[in-house]
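J.: If you read the sequences in order, they're chains W and S.
In terms of this note's numbering, the first sequence is residues 2 to 332.
In terms of this note's numbering, the second sequence is residues 2 to 332.
Ideal placement from N, C-alpha and C gives every residue a C-beta, glycine not left out.
Remember, predicted model here, so these are calculated numbers, not experimental data.
One structure, as structure tokens, below. Some questions next.
There are 2 protein chains.
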Amino acid sequence: MATIRDVSKEAGVSIATVSRALSAPEKVSKVGLKKVEDAIAKLHYKPNMLSQKFRNKTANCIVVLVPDISNLFFTTVIRGIETVAQKKGFNVLLGDTRDSSTREKNFISLVETRQADGIIQLRPYTSDSALPMESVIAVNASGCENTPYPTVRIDNVTAAKDVTKYLLSLGHTRVGVISGLHDNPHSVDRMKGYKQALDEANIPFDAALISEGDFTMWSGLNSTEHFMRMSDMPTAILCMNDEMAIGAIKGFRRKGLKLPEDMSITGFDDLEISRYCEPSLTTVSQPAEKVGEKSAELLFKLIEGVVPSQTEYILPVEFVIRESTTGPRKQ
Amino acid sequence: MATIRDVSKEAGVSIATVSRALSAPEKVSKVGLKKVEDAIAKLHYKPNMLSQKFRNKTANCIVVLVPDISNLFFTTVIRGIETVAQKKGFNVLLGDTRDSSTREKNFISLVETRQADGIIQLRPYTSDSALPMESVIAVNASGCENTPYPTVRIDNVTAAKDVTKYLLSLGHTRVGVISGLHDNPHSVDRMKGYKQALDEANIPFDAALISEGDFTMWSGLNSTEHFMRMSDMPTAILCMNDEMAIGAIKGFRRKGLKLPEDMSITGFDDLEISRYCEPSLTTVSQPAEKVGEKSAELLFKLIEGVVPSQTEYILPVEFVIRESTTGPRKQ
DNA sequence: CTGTTAGCGCGTTCAT
DNA sequence: ATGAACGCGCTAACAG
Numbered sequence: 002m003a004t005i006r007d008v009s010k011e012a013g014v015s016i017a018t019v020s021r022a023l024s025a026p027e028k029v030s031k032v033g034l035k036k037v038e039d040a041i042a043k044l045h046y047k048p049n050m051l052s053q054k055f056r057n058k059t060a061n062c063i064v065v066l067v068p069d070i071s072n073l074f075f076t077t078v079i080r081g082i083e084t085v086a087q088k089k090g091f092n093v094l095l096g097d098t099r100d101s102s103t104r105e106k107n108f109i110s111l112v113e114t115r116q117a118d119g120i121i122q123l124r125p126y127t128s129d130s131a132l133p134m135e136s137v138i139a140v141n142a143s144g145c146e147n148t149p150y151p152t153v154r155i156d157n158v159t160a161a162k163d164v165t166k167y168l169l170s171l172g173h174t175r176v177g178v179i180s181g182l183h184d185n186p187h188s189v190d191r192m193k194g195y196k197q198a199l200d201e202a203n204i205p206f207d208a209a210l211i212s213e214g215d216f217t218m219w220s221g222l223n224s225t226e227h228f229m230r231m232s233d234m235p236t237a238i239l240c241m242n243d244e245m246a247i248g249a250i251k252g253f254r255r256k257g258l259k260l261p262e263d264m265s266i267t268g269f270d271d272l273e274i275s276r277y278c279e280p281s282l283t284t285v286s287q288p289a290e291k292v293g294e295k296s297a298e299l300l301f302k303l304i305e306g307v308v309p310s311q312t313e314y315i316l317p318v319e320f321v322i323r324e325s326t327t328g329p330r331k332q
Numbered sequence: 002m003a004t005i006r007d008v009s010k011e012a013g014v015s016i017a018t019v020s021r022a023l024s025a026p027e028k029v030s031k032v033g034l035k036k037v038e039d040a041i042a043k044l045h046y047k048p049n050m051l052s053q054k055f056r057n058k059t060a061n062c063i064v065v066l067v068p069d070i071s072n073l074f075f076t077t078v079i080r081g082i083e084t085v086a087q088k089k090g091f092n093v094l095l096g097d098t099r100d101s102s103t104r105e106k107n108f109i110s111l112v113e114t115r116q117a118d119g120i121i122q123l124r125p126y127t128s129d130s131a132l133p134m135e136s137v138i139a140v141n142a143s144g145c146e147n148t149p150y151p152t153v154r155i156d157n158v159t160a161a162k163d164v165t166k167y168l169l170s171l172g173h174t175r176v177g178v179i180s181g182l183h184d185n186p187h188s189v190d191r192m193k194g195y196k197q198a199l200d201e202a203n204i205p206f207d208a209a210l211i212s213e214g215d216f217t218m219w220s221g222l223n224s225t226e227h228f229m230r231m232s233d234m235p236t237a238i239l240c241m242n243d244e245m246a247i248g249a250i251k252g253f254r255r256k257g258l259k260l261p262e263d264m265s266i267t268g269f270d271d272l273e274i275s276r277y278c279e280p281s282l283t284t285v286s287q288p289a290e291k292v293g294e295k296s297a298e299l300l301f302k303l304i305e306g307v308v309p310s311q312t313e314y315i316l317p318v319e320f321v322i323r324e325s326t327t328g329p330r331k332q
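So this is what it looks like as structure tokens:
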């Protein structure tokens with residue numbers, strides 16, 4: 002492993018000249034430059050970035066905290082982050098937390114120990130999330146209401162309210178919900194929107210219409226059991242993400258229901274797959290990649306010490322109507 | 002930012018003692034340890050890992066080169082890699098190459114500049130992939146036949162052959178293929194298996210039955226146009242991955258075909274979603290997470306300088322029969 | 001068990 | 001335009 006010293010000897014110049022040739026070539030004479038370049042080529046010299054980082058006290062690296070790397074929504078956000086990081090010359094460290102706070106803490110300590118310069122957290126804030134804001138620069142992507150640090154998010158409440166209103170407008174009066182875990186902030190916000198829509202339509206809230214899932218396809222499928230057992234089944238189900246909606250579709254079909262005639266289903270996220278399922282999914286399209294880009298831009302501003310004009314960005318969503326929703330059957 | 006020197010002053014001991022207290026506490030007296038611990042707590046000291054890495058000449062970091070981070074198959078492999086890396090105390094840098102060789106080269110140089118200790122490449126080897134093996138420690142996950150460096154893979158040829166044989170055994174005689182790009186090594190290997198099965202059954206190869214896709218759902222859907230225009234359509238289609246199979250299902254359904262009665266479809270990979278589509282997908286289940294784990298274990302051996310007993314691991318696949326295949330309609 | 005010393009590879013003064 | 005010298009924070013000898 003050739004070092005800068007080896008190059009300087011080979012080129013017959015000082016270390017400082019080699020260093021300058023690399024970082025500020027305009028400050029080096031033509032001949033000097035040539036000698037250095039030749040020596041570098043001959044020795045196959047590559048600067049030791051570990052040393053540079055140490056010297057410059059910057060890791061040029063950010064950590065992305067993701068609860069589940071095999072979740073399509075998250076990976077799309079990550080792609081947006083990657084795009085911006087790339088432009089800035091930063092690397093992205095993968096922090097696959099798997100909902101373990103121990104693992105999360107370990108990744109956070111990467112910043113505290115200078116192995117990374119900042120964090121983007123891809124899960125809604127909860128009070129136990131314990132990001133030590135005083136020692137760590139962080140941005141929350143896909144946040145919720147009341148996130149106490151910089152965040153890029155959508156308006157979950159309004160989005161869920163709009164979906165519910167749409168279902169009501171089709172003539173549904175009993176609208177079921179397959180929610181995420183009840184204490185998940187996304188669940189909380191979306192449930193709030195659902196209730197608001199019911200309220201405005203003077204439809205009483207019925208707890209029996211809520212089935213708690215955990216954002217997985219399996220839990221969506223599983224929830225259909227609950228609804229099928231009801232004597233007065235809902236005619237439409239609002240699912241709090243696309244995965245659960247896909248699971249629900251599978252579940253209802255297995256029971257012999259015709260979709261969407263017997264049951265309207267809506268999702269949330271608009272994964273690419275949702276266009277291809279049968280029936281294709283009516284859902285809320287989140288600008289996942291944009292969320293990633295915006296979060297990264299915000300984080301880099303913070304890292305550079307710029308005080309951003311806003312610390313909360315609410316990105317617009319788009320409600321996409323496809324085949325999985327229709328009016329209720331006439332009794 | 003407190004340094005080790007600050008701690009040593011605060012504790013009234015030498016720098017070396019602090020260092021030892023951290024890395025080899027058994028070599029420090031109880032009182033010394035206590036003093037150091039108190040000082041650390043008081044100063045909120047966190048060791049500068051950038052410095053440690055520099056000193057130890059190891060980044061404790063590996064790069065995962067992935068063509069597309071929003072591909073479910075890849076992310077599952079990554080999860081396996083992450084698990085093992087975590088155990089080893091290594092971090093995972095995300096190298097989202099997006100099939101750009103420029104980007105790929107940049108990530109490779111992370112190793113050459115000591116920012117990472119090794120690479121796992123999640124795409125089949127091609128001669129242009131240009132991994133400089135002499136200067137970079139690397140493992141290829143999801144490789145193909147004839148990969149010239151350590152690799153963990155499945156037997157694509159046999160797997161595709163088995164799928165084809167299964168379709169033939171159901172009575173299909175015209176079996177179509179939706180392939181990946183024709184020069185993609187996965188496509189090549191799987192096509193080889195397809196042809197072998199035809200050969201053994203004495204069925205002549207018909208180029209008209211091959212439609213070239215690019216492993217995306219969209220290309221799968223698009224390929225159905227080709228088959229629908231044929232006067233003698235195939236009765237079964239082997240898709241070279243699940244995404245294209247899902248796209249194909251959508252396409253055929255739109256044309257009014259009944260699945261699987263009018264057309265049997267098979268996939269490859271066994272994504273989680275494939276269990277939930279309609280009809281659920283008959284496919285080849287790859288041990289994606291295992292592939293990731295095995296690759297990482299192999300890479301760490303290489304990093305540690307251990308000469309592994311094998312440099313090629315072929316992991317078993319499982320053929321999963323679900324609803325998307327049946328015998329051809331009687332004429 | 002402890003402290004002193006000498007670098008790791010690089011960038012950056014400050015002279016020349 | 002160039003070089004000598006210092007130090008970033010830490011670990012690993014060595015000597016005591």
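Quick one: is residue 274 (chain W) near chain S, going by C-beta distance under 7 angstroms?
T.: Start at 1 with the first residue of the first sequence, and residue 274 (chain W) comes out as number 273. Yes, its Cβ sits closer than 7 angstroms to a Cβ of chain S.
J.: Who does residue 122 (chain W) pair with in a DSSP beta bridge?
T.: Here residue 122 (chain W) is taken as the residue at index 121 of the first sequence, counted from 1. Residue 122 (chain W) pairs with W:66, W:141.
J.: Use the C-beta contact count for residue 194 (chain W): other C-beta atoms within 10 angstroms, 16 or more gives buried, fewer gives exposed.
T.: Within the first sequence, the letter at position 193 stands for residue 194 (chain W). Result: buried.
J.: From the beta carbon of residue 310 (chain W), is the nearest beta carbon of chain S less than 7 angstroms away?
T.: If you number the first sequence from 1, residue 310 (chain W) lands on position 309. Chain S, which has no Cβ nearer than 7 angstroms to the Cβ of residue 310 (chain W), makes this no.
J.: Applying the 10 Å Cβ sphere with the 16-neighbour rule, what's the burial state of residue 42 (chain S)?
T.: Translated into positions along the second sequence, residue 42 (chain S) becomes position 41. Exposed is the call here.
J.: How would you list, in chain order, the residues of chain W whose beta-carbon sits under 9 angstroms from the beta-carbon of residue 278 (chain S)?
T.: For the purposes of this step, residue 278 (chain S) is taken as residue 277 along the second sequence, with counting starting at 1. Going along chain W in sequence order, the residues near residue 278 (chain S) (Cβ under 9 angstroms) are 247, 251, 274, 277, 278, 279.
J.: Using a Cβ-Cβ distance cut-off of 7 angstroms, determine whether residue 9 (chain S) contacts chain W.
T.: Working through the second sequence from its first residue, we reach residue 9 (chain S) at position 8. Among the residues facing chain W, residue 9 (chain S) is not included, as its CB has no counterpart in that chain under 7 angstroms away.
J.: Does the separation of the CB atoms of residue 121 (chain S) and residue 82 (chain S) fall below 7 angstroms?
T.: Numbered from 1 along the second sequence, position 120 holds the residue referred to as residue 121 (chain S). Numbered from 1 along the second sequence, position 81 holds the residue referred to as residue 82 (chain S). The beta carbons of residue 121 (chain S) and residue 82 (chain S) sit closer together than 7 angstroms.
J.: Give me the subset of the segment 49-67 of chain S whose CB atoms are less than 7 angstroms from a CB atom of chain W, sorted by chain position.
T.: 49, 50, 51, 52, 54, 55, 60
J.: Determine the direct distance from the alpha carbon of residue 66 (chain S) to that of residue 99 (chain W), and round the result to whole angstroms.
T.: Counted from its first residue, the first sequence places residue 99 (chain W) at position 98. Counted from its first residue, the second sequence places residue 66 (chain S) at position 65. Cα to Cα, residue 99 (chain W) sits roughly 21 angstroms from residue 66 (chain S).
J.: Measuring CB atoms only, is the segment 150-164 of chain W touching the segment 315-329 of chain W, in the sense that at least three cross pairs come out at less than 8 angstroms?
T.: They touch, by the three-pair rule.
J.: Using the three-state DSSP reduction, which class does residue 11 (chain S) fall into: helix, strand or coil?
T.: Indexing the second sequence from 1 puts residue 11 (chain S) at position 10. In this structure, residue 11 (chain S) counts as helix in the three-state DSSP scheme.
J.: Chain W beta carbons: is any one of them nearer than 7 angstroms to that of residue 93 (chain S)?
T.: Taking the second sequence and counting its residues from 1, one reaches residue 93 (chain S) at position 92. Chain W, which has a Cβ nearer than 7 angstroms to the Cβ of residue 93 (chain S), makes this yes.
J.: Assign residue 244 (chain S) to one of three DSSP states: helix, strand, or coil.
T.: Taking the second sequence and counting its residues from 1, the one referred to as residue 244 (chain S) is at position 243. Three-state result, residue 244 (chain S): helix.
J.: Rounded to a whole number of angstroms, what is the C-alpha to C-alpha distance between residue 68 (chain S) and residue 104 (chain S)?
T.: As a position in the second sequence, residue 68 (chain S) is number 67, starting the count at 1. As a position in the second sequence, residue 104 (chain S) is number 103, starting the count at 1. Computed Cα separation, rounded: 10 angstroms.
J.: Starting from residue 21 (chain S), follow the alpha helix (DSSP H) in both directions and report where the run begins and ends.
T.: The sequence position of residue 21 (chain S) within the second sequence is 20, counting from 1. Counting along the chain, the alpha helix (DSSP H) containing residue 21 (chain S) begins and ends at 16-24.
J.: Which full runs of the beta strand (DSSP E) of 3+ residues lie inside the segment 57-119 of chain S, going along the chain?
T.: 62-67, 92-97
J.: Given that a residue counts as buried once 16 or more other Cβ atoms are within 10 Å of its Cβ, and exposed if not, what is residue 39 (chain S)?
T.: Here residue 39 (chain S) refers to the residue found at position 38 when the second sequence is read from its first residue. Result: exposed.
J.: Report yes or no: do three or more beta-carbon pairs, one from the segment 258-266 of chain S and one from the segment 298-306 of chain S, lie closer than 8 angstroms?
T.: Too few Cβ pairs lie closer than 8 angstroms, so no.
J.: From the beta carbon of residue 255 (chain S), is the nearest beta carbon of chain W less than 7 angstroms away?
T.: Taking the first residue of the second sequence as position 1, residue 255 (chain S) is located at position 254. No - not a single Cβ of chain W is within 7 angstroms of the one on residue 255 (chain S).
J.: List the endpoints of the continuous alpha helix (DSSP H) containing residue 177 (chain W).
T.: Taking the first sequence and counting its residues from 1, one reaches residue 177 (chain W) at position 176. Taken as a continuous stretch (DSSP letters only), residue 177 (chain W) belongs to no alpha helix (DSSP H), being part of the beta strand (DSSP E) at 176-180.
J.: Taking only the alpha-carbon atoms, compute the straight-line gap between residue 185 (chain W) and residue 315 (chain W) and give it to the nearest angstrom.
T.: One-based indexing of the first sequence puts residue 185 (chain W) at position 184. One-based indexing of the first sequence puts residue 315 (chain W) at position 314. Between residue 185 (chain W) and residue 315 (chain W), the C-alpha separation is close to 19 angstroms.
J.: Measuring alpha carbon to alpha carbon, tell me which residue in W:152, W:32, W:34, W:52 is nearest residue 4 (chain W).
T.: On the first sequence, residue 4 (chain W) is found 3 positions in, with the first residue counted as 1. Selected option, being the one with the closest Cα: W:52.
J.: Under DSSP, the beta strand (DSSP E) around residue 267 (chain W) begins and ends at which residues?
T.: Taking the first residue of the first sequence as 1, we reach residue 267 (chain W) at position 266. Run containing residue 267 (chain W): 265-267, per the beta strand (DSSP E) assignment.
J.: Among all the DSSP beta bridges, which residues are the ones paired with residue 284 (chain S)?
T.: On the second sequence, position 283 is the one that residue 284 (chain S) refers to. The partner list for residue 284 (chain S) (beta bridge, DSSP) reads S:321.
J.: Tell me which residues share the same chain as residue 324 (chain W) and place their Cβ nearer than 6 angstroms to its Cβ, disregarding the 5 neighbours each side in the sequence.
T.: Taking the first sequence and counting its residues from 1, the one referred to as residue 324 (chain W) is at position 323. Contacts found: 280, 281.
J.: Can you list, in chain order, the residues of its chain whose CB lies under 8 angstroms from that of residue 326 (chain S), leaving out five sequence neighbours each side?
T.: For this step, residue 326 (chain S) is matched to residue 325 along the second sequence. Cβ within range, chain order: 167, 168, 171, 237, 261, 265, 266, 267, 283.
J.: Starting from the N-terminal side, write out each stretch of the alpha helix (DSSP H) that is 4 residues or longer and does not extend beyond the segment 181-263 of chain W.
T.: 186-201, 218-229, 243-255
J.: Which one or two residues does DSSP pair with residue 153 (chain S) in a beta bridge?
T.: Here residue 153 (chain S) is taken as the residue at index 152 of the second sequence, counted from 1. S:142, S:314, per the DSSP bridge assignment.
J.: Three-state secondary structure (DSSP) at residue 270 (chain S)?
T.: Within the second sequence, residue 270 (chain S) is the residue found at index 269, counting from 1. Here residue 270 (chain S) sits in strand by DSSP.
J.: Using a C-beta cutoff of 7 angstroms, does residue 71 (chain S) count as contacting chain W?
T.: Translated into the one-based positions of the second sequence, residue 71 (chain S) becomes position 70. Taking Cβ atoms only, chain W reaches closer than 7 angstroms to residue 71 (chain S), which makes this a yes.
J.: Near residue 209 (chain S), which residues of its chain fall below 8 angstroms by C-beta distance, leaving aside the five closest residues on each side in sequence?
T.: Counting from 1 along the second sequence, the entry for residue 209 (chain S) is found at position 208. For residue 209 (chain S), where only same-chain residues beyond five positions count, the Cβ hits under 8 angstroms are 231.
J.: When the Cβ atoms of the segment 176-192 of chain S are set against those of the segment 210-217 of chain S, are three or more pairs found closer than 8 angstroms?
T.: In short, these stretches touch, since the Cβ pair count reaches three.
J.: Determine whether the Cβ of residue 231 (chain W) lies closer than 7 angstroms to any Cβ atom of chain S.
T.: The count along the first sequence starts at 1 and reaches residue 231 (chain W) at position 230. No, no contact with chain S.
J.: Looking only at C-alpha atoms, which of W:291, W:136, W:148 sits nearest to residue 128 (chain W)?
T.: Along the first sequence, one-based indexing puts residue 128 (chain W) at 127. Selected option, being the one with the closest Cα: W:148.
J.: Going by DSSP in three states, residue 127 (chain W) sits in which element: helix, strand or coil?
T.: Mapped onto the first sequence, residue 127 (chain W) falls at position 126. DSSP places residue 127 (chain W) in coil when its eight states are reduced to three.
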